[in-house]
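The listed protein sequences derive, respectively, from chains A, B and C.
For the first sequence, the residue numbers in our numbering are 1 to 199.
For the second sequence, the residue numbers in our numbering are 200 to 421.
For the third sequence, the residue numbers in our numbering are 422 to 667.
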Amino acid sequence: MQLKASGLTCNRGGREVFRGLSFGLATGEAMVVTGRNGVGKSSLLRVIAGLVRIAAGRLILEGGEPDVPIGEQAHYLGHQDAMKPSLTVGENLQFWSRFLGDGRAVKPALEAVDLAELADLPAAYLSAGQRRRLSIARLLAVPRPIWLLDEPTSSLDAPSQKRLAELMRDHLVDGGMIIAAAHGMIGLERACELKLDRA
Amino acid sequence: MNTFAALLIRDMQLTIRAGGGALMGALFFLIVITMIPFAVGPDLALLRRIGPAILWLGALLASLLALDRLFATDHEDGSLDLLMMGGMPLELAVATKAIAHWITTGLPLVVIAPLLGLMLNVELHATGWLALTLAAGTPALTFIGLVGAALSVALRRGGLLLAVLVLPLTVPVLIFGIAAANAAIVGPTPFGPPFTILCALSLVGLVLGPIAAAAALRHGLE
Amino acid sequence: MPVIDLANPSRVLVIVNRLLPWLVAVTIILFAIGLFRALNAPDDYQQGATVKIMFLHVPAAWLGMLGWVIMSISALGTLVWRHPLADVAGKAAAPIGAAFTFICLLTGSLWGRPTWGTYWVWDARLTSMLILLLLYLGVIALYWTAEEPGRGARAAAILSLVGAINLPIIKFSVDWWNTLHQPASVFRIGGSKIDPALLTPLLIMALAFTLLFVTLHLASMRNEILRRRVRSIRLLQAQKFAEVSA
Numbered sequence: 001m002q003l004k005a006s007g008l009t010c011n012r013g014g015r016e017v018f019r020g021l022s023f024g025l026a027t028g029e030a031m032v033v034t035g036r037n038g039v040g041k042s043s044l045l046r047v048i049a050g051l052v053r054i055a056a057g058r059l060i061l062e063g064g065e066p067d068v069p070i071g072e073q074a075h076y077l078g079h080q081d082a083m084k085p086s087l088t089v090g091e092n093l094q095f096w097s098r099f100l101g102d103g104r105a106v107k108p109a110l111e112a113v114d115l116a117e118l119a120d121l122p123a124a125y126l127s128a129g130q131r132r133r134l135s136i137a138r139l140l141a142v143p144r145p146i147w148l149l150d151e152p153t154s155s156l157d158a159p160s161q162k163r164l165a166e167l168m169r170d171h172l173v174d175g176g177m178i179i180a181a182a183h184g185m186i187g188l189e190r191a192c193e194l195k196l197d198r199a
Numbered sequence: 200m201n202t203f204a205a206l207l208i209r210d211m212q213l214t215i216r217a218g219g220g221a222l223m224g225a226l227f228f229l230i231v232i233t234m235i236p237f238a239v240g241p242d243l244a245l246l247r248r249i250g251p252a253i254l255w256l257g258a259l260l261a262s263l264l265a266l267d268r269l270f271a272t273d274h275e276d277g278s279l280d281l282l283m284m285g286g287m288p289l290e291l292a293v294a295t296k297a298i299a300h301w302i303t304t305g306l307p308l309v310v311i312a313p314l315l316g317l318m319l320n321v322e323l324h325a326t327g328w329l330a331l332t333l334a335a336g337t338p339a340l341t342f343i344g345l346v347g348a349a350l351s352v353a354l355r356r357g358g359l360l361l362a363v364l365v366l367p368l369t370v371p372v373l374i375f376g377i378a379a380a381n382a383a384i385v386g387p388t389p390f391g392p393p394f395t396i397l398c399a400l401s402l403v404g405l406v407l408g409p410i411a412a413a414a415a416l417r418h419g420l421e
Numbered sequence: 422m423p424v425i426d427l428a429n430p431s432r433v434l435v436i437v438n439r440l441l442p443w444l445v446a447v448t449i450i451l452f453a454i455g456l457f458r459a460l461n462a463p464d465d466y467q468q469g470a471t472v473k474i475m476f477l478h479v480p481a482a483w484l485g486m487l488g489w490v491i492m493s494i495s496a497l498g499t500l501v502w503r504h505p506l507a508d509v510a511g512k513a514a515a516p517i518g519a520a521f522t523f524i525c526l527l528t529g530s531l532w533g534r535p536t537w538g539t540y541w542v543w544d545a546r547l548t549s550m551l552i553l554l555l556l557y558l559g560v561i562a563l564y565w566t567a568e569e570p571g572r573g574a575r576a577a578a579i580l581s582l583v584g585a586i587n588l589p590i591i592k593f594s595v596d597w598w599n600t601l602h603q604p605a606s607v608f609r610i611g612g613s614k615i616d617p618a619l620l621t622p623l624l625i626m627a628l629a630f631t632l633l634f635v636t637l638h639l640a641s642m643r644n645e646i647l648r649r650r651v652r653s654i655r656l657l658q659a660q661k662f663a664e665v666s667a
């Protein structure tokens, strides 16, 4: 499987965010998108996720499901955690697991981020770091090849960052791909770096 | 079907749980109806004559005001992004949210309408007919309001904008809803035609509302 | 008993648990006597047996109003003295007061059917009670919407006090609005001319209703204290798993 972008251009709010971006990413590879604030790191992830229209250029996933949009073969971990405070931790994850996939593997996913003990607690009781871990559990509950992570380590403490790095490595070993927007290498030492600069 | 049920149940849970405000619409309905006699006087004959119209107006306002936050919370916490990345077409997801919303906020209006009818001196048997017209017509209000809720998220403005955008669009529902209710209660015009048109409006709304709302959301999220 | 003891929720739980069975027993006995006396009271020469709805209707109205009084006092306790139990008392009183107000409206409406020939008349007393119910529902909705108990308590306390000041004004305006439109109420409840044969059962019923209110209120306060305890236990539980196991 290979994700190929050529001449990717993105406009948001009448402003050109980036232009003519090309890259390729194969199975088991990771890419870290770096650059100053506002150069379009988040926009690039949202373009790949299918949440922002591509103004020009092409984006294809070779070897993926041909009839399914790339967004539906990818996980998007944005700044917000998409979890409802009034639902329990388990219910939140169960919902996304059923909506995005087949609804299985909720329990192992919670265990992987050490939240299984809190499954019956309303998500409102969680700290910012715990909420972040809950949204990371979503990536594990539904298998999708591409992970799009927007500053995934924010509000995570050192042990949780280490756990995230392990989970990302496992995903790559299983033949996944990761594109992360970050300011450092966030534990992906073998990843290539895509440095965005103001157009 | 699995995804549909998952989204339907989640949205219903969210409105029923603390802070969801499922019955707020019904409470608003009750308050609006209570205020009317203070404005027009407690004359029972008059209240009976204008009762169906007042109930319909109250239900219209109650179902629109409750729609305000339908997409806003999902937008603010990032859920809307993920709803677009599921296997379910956004139109269908939007329709599912609307159905869940109608069950938790529209249906209570239909249920308490007979009680409010009695307070406006509408005959007991007639209140049943009234509730029937509301049951057939309030889904149309929800589906029309859906478009307004999507637009207000796209424009990042809520509250009154929704009412301003949507109220003119609900005129046909109001006309045929009250026509059907009056036909059932006082006659002499037949009940069938306005009631069937009312049902048709709801069905058309079910199809067109989600398409328009999904387009508004897609456009607004960019 | 020193006041300091009442500030301790655990102590209150013990007292309430000891009191409740006795209160329940006395309430049941009083209801039995009251209902028996009420059923055997003479019929009204105009209204016949329907007048007996009064024995439920009038006490329910009193307690509906008493509920708001309790809420207002609790509100003062929350805002002025910041007593930890005041907010619990206020929150527990709201649904019970609303329930009694609703019973008052329901029985009034059932009474109205044979008397006025319709289930609902915009009579000044009933209408005032309806507004009271709406205010109750507002307070309950406020408690329900607030995510954190403390903030909801202060908001509800302010609303209770505003309501307490407003209720006499509402009562006055509704009376004025009503007399403006219709010369006099269709009939009057109470007054000084009530027959002693009706008065005694009415007073017994009022006492029974009051005890029922107190019983429900104490039980509901106990539940609220326990509910808050569950909440803090769960918050502690969430903190315990703040980190991933390395």
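Cβ atoms here follow ideal geometry from the backbone N, Cα and C, with glycine treated the same way.
CB of residue i within 8 Å of CB of residue j, strictly
| i | j | result |
| --- | --- | --- |
| A:I54 | A:I70 | no |
| B:L407 | B:F375 | no |
| A:R12 | A:V52 | yes |
| A:G187 | A:A165 | yes |
| B:L308 | B:L333 | yes |
| A:I146 | A:A30 | no |
| A:L45 | A:D150 | yes |
| A:L194 | B:L281 | no |
| C:A514 | C:N599 | no |
| B:A378 | B:V293 | no |
| C:F521 | C:G485 | yes |
| B:G250 | B:N201 | no |
| A:M93 | A:A109 | Going by the sequence as given, residue 93 of chain A is Leu instead of Met. A contact, by the Cβ cut-off of 8 Å. |
| B:G336 | B:V310 | no |
| C:L582 | C:A496 | yes |
| C:T448 | C:L639 | no |
| A:V17 | A:A181 | no |
| B:A353 | B:A415 | yes |
Reference residue i; option with closest CA among the options
| i | options | result |
| --- | --- | --- |
| C:E578 | C:V635, C:S493, C:L484 | The sequence shown places Ala at residue 578 of chain C, not Glu. Among C:V635, C:S493, C:L484, the Cα nearest to that of C:A578 belongs to C:S493. |
| C:I591 | B:V321, B:V352, B:M234, B:A312 | B:M234 |
| C:L668 | C:A459, C:C525, C:L506, C:G518 | Any answer about residue 668 of chain C is impossible in this case: the structure gives chain C only from 422 up to 667. |
| A:A141 | A:G7, A:A74, A:T153 | A:A74 |
| C:L553 | C:Y540, C:R534, C:S530, C:A585 | C:A585 |
| B:L259 | B:G240, B:R268, B:F227, B:R356 | B:F227 |
| A:G50 | A:Y76, A:D102, A:V106 | A:Y76 |
| B:A244 | C:L563, C:V635, C:V445, C:V542 | C:V542 |
| C:L477 | C:A618, C:I561, C:I517, C:A627 | C:A627 |
| C:L656 | C:E569, C:L526, C:W489 | C:E569 |
| A:V106 | A:S160, A:A137, A:L126 | A:A137 |
| C:I444 | C:Q660, C:V635, C:Q658 | Residue identity check: residue 444 of chain C is Leu in the sequence provided, not Ile. That would be C:V635, whose Cα lies nearest to the Cα of C:L444. |
| A:L126 | C:I561, C:F662, C:N429 | C:F662 |
| B:F342 | B:G391, B:L291, B:H324 | B:L291 |
| B:A399 | B:R355, B:G224, B:P338, B:L366 | B:P338 |
Residues that residue i bridges to, as DSSP identifies them
| i | result |
| --- | --- |
| B:P392 | In DSSP, B:P392 forms no bridge with anything. |
| A:N11 | A:E16 |
| A:H75 | A:W147 |
| A:L3 | A:L25, A:L61 |
| C:C525 | Per DSSP, none; premise fails for C:C525. |
Cβ of residue i within 8 Å of any chain A Cβ
| i | result |
| --- | --- |
| C:A659 | yes |
| C:I610 | In this predicted model, C:I610 has a pLDDT of only 48, less than 50, meaning its place in the structure is not dependable; the value taken from the coordinates is given anyway. Not an interface residue. |
| C:R439 | no |
| B:G285 | yes |
is_contact[residue i, chain B] using C-beta, thresh 8 Å
| i | result |
| --- | --- |
| C:W489 | no |
| A:S86 | yes |
| A:D67 | no |
| A:R36 | no |
| C:L506 | no |
Minimum Cβ-Cβ distance from residue i to chain C less than 8 Å
| i | result |
| --- | --- |
| A:D170 | no |
| A:D81 | no |
| A:Y125 | yes |
| A:E117 | yes |
| B:P236 | yes |
Can you check the region 16-63 of chain A for any alpha helix (DSSP H) of at least 4 residues that lies completely inside it and give the ranges in chain order? 41-49
Enumerate, from N- to C-terminal direction, the unbroken alpha helix (DSSP H) stretches of 4 or more residues contained entirely within the region 224-306 of chain B. 243-265, 271-275, 278-283, 289-300
Note down, one range per segment and in chain order, each alpha helix (DSSP H) of at least 4 residues found wholly within the region 107-188 of chain A. 128-141, 158-173
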